[in-house]
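FYI, numbering that gives the first Met the number 0 numbers position 343 of the sequence shown as 342, with every residue one higher than the one before it. The block underneath contains the structure these notes are about, expressed in structure tokens.
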Amino acid sequence: MTQNIEVKGNSWLTWTELHHCAVSGSVAECSRLIEDFPEDVNVEVDTDFNPYNNLQLPKYGKMSPLELSMHSENIFVMEILANYSSFRTIEKCLAGIRNISTKNILVRGVLTQLREKHKDVQYGKLIATCENVIVIYTTDQLVDACSKIAGIKTTYKNTNGFDQDNETAIDFELDMKVPGLSIEENAQMKDVVDANSDTLWKNHENLNGIRISAVRTTGGKASRDNCIVLCCKFKGFLTEKEEEFPRSLRCKDIFFPVDVREEHIVLLTSQPSDKLEPLACGGRIIGSCADNKVWGTIGPFVELPYQETGFLTCAHVLDNNPAFGVLSGRNHLVYQPKKDSNADYLCGEVVKMAFKPSENPSIDAAVVKITSALRIPESINFVSF
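Have a look at this one:
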């Protein structure tokens, strides 16, 4: 809202209440004005017309409320305005700025706005170049992409799948003829992890998980070497207050090298009886057979022909006569978490079934194809018990 003011013989200028508040107002007043007049946040005024004799502004320029708060050093109001100003306005403010505390306020404003649209956003630097970047973690099916937001380099990281180091380690471990860790090695490594885990979680925001392995990756190659694997969301990236991961971890006289790998782990708080979108291991299921009242659980996920996804479960929970297998003309539907005509709980159909309890070894298994796109998992998740 514009305000009529007297300035050196000129009146009815374009300064709004929010511009005046940016110079000398309070946080409460700023918040109220943004709520009442959101369109004023990015309005720029001519600095030739300055109603404040004690405020030095550059001549022949234009300034937004955010810029005015910077010049007047109205820090608390600046923090509010940074959360609502456009990225173009913030980029203009960041250009050539040397004051670290002011820069941090502006960057936090960018992150606050991004976190309203994205669940996971971080700011830090790339280890190799020391370049400051914003990282947006996404499940969109895209190759890691870069752009700029408010003049800051921004990287979009796809959280689906494994990185190359993980794939290399898994392939190497599958080809190993000698089993991985002995009982003694497992116990020693667990002691080292227990002794260091609290410190690691406290000091490394980028840390996503800790585990032990008999395979270590170095320079894109895998070798037989016991190590502590530190899983991070973005390898080669540090948030503002982080240091690089340690190269080894020690407990008393025992130490093991560290292998840092990029891996995204999803922790779920869903219960087995919740409707799961996407599905997760351990979720409760029931078959469509009217005579069968047994509940089952979702087992391991499997890849099916024609790029379809399924999961394993016990055959006896889906049919009262599973020994007959999947019969032609008879639908074996699967619901999660229950059968309900008033809700869409259908999640899949049985494509293969085997039930031979008297054989050695006995068999009680069914393959369920997931038929709902919303139920197809993007990673291996587990429900909480």
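Just so you know, even glycine gets a beta-carbon here, dropped at the ideal spot from N, CA and C.
Buried/exposed call for residue i, threshold 16 Cβ in 10 Å
{"i": "Ala81", "result": "buried"}
{"i": "Pro336", "result": "buried"}
{"i": "Tyr305", "result": "exposed"}
{"i": "Asn49", "result": "buried"}
{"i": "Val293", "result": "exposed"}
{"i": "Thr268", "result": "Low local confidence applies: a pLDDT of 48 at Thr268 is under 50, so the model's placement there is unreliable, with the coordinate-based value given in what follows. It is exposed - the Cβ of Thr268 has fewer than 16 other Cβ atoms within 10 Å."}
{"i": "Cys346", "result": "buried"}
{"i": "Cys280", "result": "buried"}
{"i": "Pro37", "result": "exposed"}
{"i": "Cys230", "result": "buried"}
{"i": "Gln373", "result": "For clarity, residue 373 is Leu in the given sequence; the question names Gln instead. Looking at its Cβ environment, which holds fewer than 16 other Cβ atoms inside 10 Å, Leu373 is exposed."}
{"i": "Cys92", "result": "buried"}
{"i": "Glu16", "result": "buried"}
{"i": "Ala168", "result": "buried"}
{"i": "Pro356", "result": "exposed"}
{"i": "Phe254", "result": "exposed"}
{"i": "Ala186", "result": "exposed"}
{"i": "Ala221", "result": "buried"}
{"i": "Ser71", "result": "buried"}
{"i": "Cys29", "result": "buried"}
Residue i vs residue j beta-carbon contact at 8 angstroms
{"i": "Gly286", "j": "Leu275", "result": "no"}
{"i": "Val259", "j": "Phe236", "result": "no"}
{"i": "Gln194", "j": "Cys250", "result": "Checking the sequence, you will find Ala at residue 194 rather than Gln. Their beta carbons are under 8 angstroms apart, which means Ala194 touches Cys250 by this criterion."}
{"i": "Ala314", "j": "Ala353", "result": "yes"}
{"i": "Ser63", "j": "Val42", "result": "yes"}
{"i": "Gly295", "j": "Ile369", "result": "no"}
{"i": "Thr13", "j": "Val44", "result": "yes"}
{"i": "Leu113", "j": "Ile89", "result": "no"}
{"i": "Tyr344", "j": "Lys351", "result": "no"}
Residue i - DSSP class collapsed to helix/strand/coil
{"i": "Arg246", "result": "coil"}
{"i": "Thr268", "result": "Residue confidence is low: Thr268 scores 48 on pLDDT, short of 50, so the model does not pin down where it sits. Its coordinate-derived value is still stated next. Thr268: coil per DSSP, three-state reduction."}
{"i": "Gln121", "result": "strand"}
{"i": "Phe310", "result": "strand"}
{"i": "Val106", "result": "helix"}
{"i": "Leu113", "result": "helix"}
{"i": "Leu275", "result": "coil"}
{"i": "Cys230", "result": "strand"}
{"i": "Cys288", "result": "coil"}
{"i": "Glu377", "result": "coil"}
{"i": "Glu302", "result": "strand"}
{"i": "Cys20", "result": "helix"}
{"i": "Thr167", "result": "helix"}
{"i": "Glu241", "result": "coil"}
{"i": "Glu172", "result": "helix"}
{"i": "Val293", "result": "coil"}
Whole-angstrom C-beta distance between residue j and residue i, which should lie under 8 angstroms
{"i": "Ala364", "j": "Leu311", "result": "6 angstroms"}
{"i": "Ser146", "j": "Thr153", "result": "5 angstroms"}
{"i": "Thr238", "j": "Gly123", "result": "4 angstroms"}
{"i": "Ile148", "j": "Phe86", "result": "6 angstroms"}
{"i": "Val22", "j": "Asn73", "result": "6 angstroms"}
{"i": "Asp162", "j": "Glu302", "result": "Wrong, their Cβ atoms sit about 20 angstroms apart, outside the cutoff."}
{"i": "Lys156", "j": "Phe233", "result": "6 angstroms"}
{"i": "Val333", "j": "Val367", "result": "5 angstroms"}
Q) What alpha helix (DSSP H) runs, 4 residues minimum, are completely inside the region 25 to 101? A) Runs of the alpha helix (DSSP H) lying entirely within the region 25 to 101 and spanning at least 4 residues, in chain order: 26 to 35, 64 to 70, 74 to 81, 86 to 93.
Q) Where in the region 177 to 220 do unbroken runs of the alpha helix (DSSP H), each at least 4 residues long, occur, reported from the N-terminal end onward? A) Qualifying alpha helix (DSSP H) stretches, in chain order: 182 to 202.
Q.
Ignoring anything shorter than 3 residues, give me the beta strand (DSSP E) runs that lie fully in the region 326 to 369, in order along the chain.
A. Within the region 326 to 369, the complete beta strand (DSSP E) runs of at least 3 residues fall at 332 to 334, 345 to 355, 362 to 369.
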